[in-house]
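Protein chains in written order, with numbering that gives the first Met the number 0: chain A, 0 to 75; chain B, 0 to 416.
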Amino acid sequence: MDVFGKVRALISEQLDIDEEQITLETTFEDIDADSLDVVELVMALEEEFDLEIADEEVENIQTVGDVVGYIEKHLS
Amino acid sequence: MVQNQVVVTGIGAVTPIGTRKEEFWENLKKGKSGVTVIDHFREYPTYIAAIVQDFEPQLYMEKRDIKKTDRFTQFALAAARMALEDAALDLDKTDREKIGVIIGSGIGGLDTIEKQYKILLDKGPRRVSPFLVPMLIANMASGYISIVYGINGPNSTTVTACASGTHAIGEAFRVLQRGEADVMIAGGAEAPITSIAFAGFCAARAMSTCNEQPEKASRPFDAKRDGFVMGEGAGVLILETMEHALKRKAKIYAEIIGYGMSGDGYHFTSPDPQGQGAFLCMQRALEDARLLPESVDYINAHGTSTVYNDKIETLAIKRLFGHHAYKVAVSSTKSMIGHLLGAAGGVEMVATVLSMNYGIIPPTINYEDEDPDCDLYYVPNECCRKDINVAISNSFGFGGTNACLVIKKYFPEGRGS
């Protein structure tokens with residue numbers, strides 16, 4: 000599965016929303032994710048991809064596309 | 000200052016013998032035990048408990064909230080939802096700023112603490128859930144109910160061990176008497192059947208070790224009682240000012256007329272040997288109700304099935320009620336559902352209200368051998384019919400905290416007293 004597929008599956012699982020509703024343009028606001036949801040999601044992503052996402056970076060992440068971009072850039 | 004009268008207009012319960020009030024009541028009447036063996040506790044001195052079987056949180060809440068709430072909060076919401084439906088309270092026609100919540104819990108989200116502490120040890124601090132704190136805090140049951148329904152009345156909790164539920168209802172009663180709200184959602188919730196709680200209560204030698212016969216283990220007032228059996232669940236009631244209930248033509252179950260509290264001032268876990276704390280809370284509740292002890296028809300006892308509690312509660316009842324102690328019916332529903340700790344007072348008030356409405360007193364099951372220290376009428380093994388005009392419900396907690404509530408049958412205007 001590609002990065003987007005994995006991210007989409009994780010978000011769907013964590014926030015209980017259909018995968019079809021999640022696109023690269025989807026924002027956290029669109030899917031009703033509050034700040035705690037985002038923290039939990041970041042933790043799940045860190046586990047899944049075995050990387051660390053610094054808090055400062057999280058602030059720059061607005062959309063699912065941002066998440067995918069960040070992960071692709073930092074995957075070793 | 001004129002105080003508002005307060006009535007009960009809705010009830011909801013999640014218990015080891017039923018998650019709907021009808022099922023709960025039928026099983027209480029039958030004297031059914033909810034105590035079973037808990038396989039994963041087999042290495043503990045006690046490995047029995049009264050668990051809520053097949054609880055389905057998704058019936059009561061949004062799926063995405065399930066992971067963000069501890070089991071005790073889920074129980075509380077389920078019981079509150081059932082109670083609100085039972086009360087047929089249309090929130091859109093009610094001032095939401097005048098609906099409050101006080102749900103007591105002795106411990107809060109213990110299971111959450113345990114799981115997250117394990118993550119802390121295994122994976123480090125960066126893996127601890129951001130939901131840990133909101134899940135574990137004992138006031139989240141009250142908080143979550145207010146969030147789900149968007150209600151802004153007084154919102155609080157009581158954390159007084161095994162008296163939490165009774166204190167919660169008592170405090171909600173006071174809020175309504177003072178006119179700070181029209182409606183209060185009140186009761187108790189607890190989900191304590193976790194490894195650390197089990198280990199702790201085992202170490203305190205407080206729980207029954209009658210593992211071979213789980214359904215016989217909780218035997219309040221019986222000579223062979225050897226400790227309490229842990230239970231879980233929630234009991235929630237809708238309390239309203241009489242004025243508010245009459246205005247919307249609500250079905251009225253009973254009137255709450257008295258509340259008393261006291262402290263033992265004696266020991267961490269053991270009750271005062273003279274039962275002074277238990278005596279005082281019952282005395283104060285009856286004074287608050289402006290009633291003489293002789294008017295009480297039924298006592299839903301704390302009756303934990305520990306050697307000390309049952310002996311000392313009996314002593315306190317005899318000291319306060321004198322000769323009437325031998326005429327009043329005393330029963331412990333803990334014989335069937337176990338000890339729900341902070342939820343006990345909530346569920347037991349539900350049982351007491353139903354008892355008053357049906358004129359049937361649920362039994363103390365497993366009562367076989369008389370203990371000379373416990374010589375009252377405990378409604379042994381089978382329920383009994385009795386017209387109940389006034390009933391009280393007792394709860395006593397570790398720390399020597401005691402609470403008692405008095406309820407009275409409601410007669411519509413022009414019918415009786």
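Yeah, the Cβ is synthetic: ideal placement off N, Cα and C, and Gly gets one too.
Source: prediction; values computed, not measured.
Anticipated Cβ contact below 8 Å, residue i with residue j, distance rounded
| i | j | result |
| --- | --- | --- |
| residue 34 of chain B | residue 49 of chain B | 5 Å |
| residue 394 of chain B | residue 164 of chain B | 7 Å |
| residue 87 of chain B | residue 249 of chain B | 7 Å |
| residue 140 of chain B | residue 71 of chain B | 6 Å |
| residue 135 of chain B | residue 118 of chain B | At roughly 13 Å, the Cβ-Cβ gap does not stay under 8 Å, so residue 135 of chain B and residue 118 of chain B are not in contact. |
| residue 42 of chain A | residue 126 of chain B | 6 Å |
| residue 59 of chain B | residue 80 of chain B | 5 Å |
| residue 188 of chain B | residue 341 of chain B | 7 Å |
| residue 93 of chain B | residue 174 of chain B | In fact, because the Cβ distance is near 16 Å, the residues do not count as touching under 8 Å. |
C-beta contact flag for residue i and residue j at 8 Å
| i | j | result |
| --- | --- | --- |
| residue 160 of chain B | residue 226 of chain B | no |
| residue 110 of chain B | residue 193 of chain B | yes |
| residue 62 of chain A | residue 23 of chain A | yes |
| residue 302 of chain B | residue 233 of chain B | no |
| residue 28 of chain B | residue 217 of chain B | no |
| residue 422 of chain B | residue 229 of chain B | Here chain B comprises residues numbered 0 to 416, so residue 422 of chain B is not present and cannot be evaluated. |
| residue 171 of chain B | residue 101 of chain B | yes |
| residue 246 of chain B | residue 180 of chain B | no |
| residue 237 of chain B | residue 82 of chain B | yes |
| residue 178 of chain B | residue 99 of chain B | no |
| residue 364 of chain B | residue 327 of chain B | no |
| residue 45 of chain A | residue 51 of chain A | yes |
| residue 23 of chain B | residue 67 of chain B | no |
| residue 257 of chain B | residue 282 of chain B | no |
| residue 384 of chain B | residue 306 of chain B | no |
| residue 108 of chain B | residue 69 of chain B | yes |
| residue 348 of chain B | residue 144 of chain B | no |
| residue 45 of chain B | residue 280 of chain B | no |
| residue 10 of chain B | residue 378 of chain B | no |
Any chain A beta carbon closer than 8 Å to residue i
| i | result |
| --- | --- |
| residue 117 of chain B | no |
| residue 114 of chain B | no |
| residue 63 of chain B | yes |
| residue 70 of chain B | no |
| residue 80 of chain B | no |
| residue 126 of chain B | yes |
| residue 416 of chain B | Any reading at residue 416 of chain B must be qualified, since the residue scores a pLDDT of 47, below 50, and its modelled position is unreliable; the value itself is stated next. It does not; no Cβ of chain A falls within 8 Å. |
Close-in-space but distant-in-sequence residues of the same chain around residue i (CB under 8 Å, 5 per side omitted)
| i | result |
| --- | --- |
| residue 204 of chain B | 226 |
| residue 254 of chain B | 4, 5, 6, 7, 241, 406, 407, 408 and 409 |
| residue 387 of chain B | 296, 297, 354, 355, 358, 360 and 408 |
Interface flag, residue i vs chain B, CB-CB below 8 Å
| i | result |
| --- | --- |
| residue 39 of chain A | yes |
| residue 29 of chain A | no |
| residue 65 of chain A | no |
| residue 14 of chain A | yes |
| residue 57 of chain A | no |
| residue 42 of chain A | yes |
| residue 54 of chain A | no |
Contact set for residue i: own chain, Cβ-Cβ below 7 Å, skip 5 residues either direction
| i | result |
| --- | --- |
| residue 149 of chain B | 95 |
| residue 31 of chain B | 16 and 335 |
| residue 222 of chain B | 368, 369 and 370 |
| residue 2 of chain A | 67, 70 and 71 |
| residue 372 of chain B | 310 and 313 |
| residue 198 of chain B | 43 |
| residue 317 of chain B | 324 |
| residue 400 of chain B | 159, 160, 162 and 262 |
| residue 350 of chain B | 27, 299, 332 and 361 |
Chain-ordered neighbours of residue i on chain C, where CB pairs are closer than 7 Å
| i | result |
| --- | --- |
| residue 129 of chain B | Judged by its chain identifiers, the structure shown contains no chain C, and its protein chains are A and B. |
Residues near residue i by beta carbon distance below 6 Å, same chain, minus five either side
| i | result |
| --- | --- |
| residue 416 of chain B | The predicted model places residue 416 of chain B with a pLDDT of 47, which falls under 50 and marks its position as unreliable; any figure quoted below should be read in that light. Cβ neighbours of residue 416 of chain B beyond the five flanking positions: none. |
| residue 40 of chain A | 13 |
| residue 6 of chain A | 66 and 67 |
| residue 288 of chain B | 256, 257 and 405 |
| residue 268 of chain B | 397 |
| residue 389 of chain B | 294, 295, 296 and 407 |
| residue 137 of chain B | 104, 107, 156 and 158 |
| residue 10 of chain A | 21 |
Inset, instruction - Identify every run of the beta strand (DSSP E) within the segment 304-373 of chain B, keeping only runs that are complete inside it and at least 3 residues long; order them along the chain. - result: 328-330
Inset, instruction - Let me know the beta strand (DSSP E) ranges lying completely inside the segment 129-216 of chain B, each 3 residues or longer, listed in chain order. - result: 182-189
Inset, instruction - May I have a chain-ordered list of the beta strand (DSSP E) segments no shorter than 3 residues that lie completely inside the segment 60-123 of chain B? - result: 98-103
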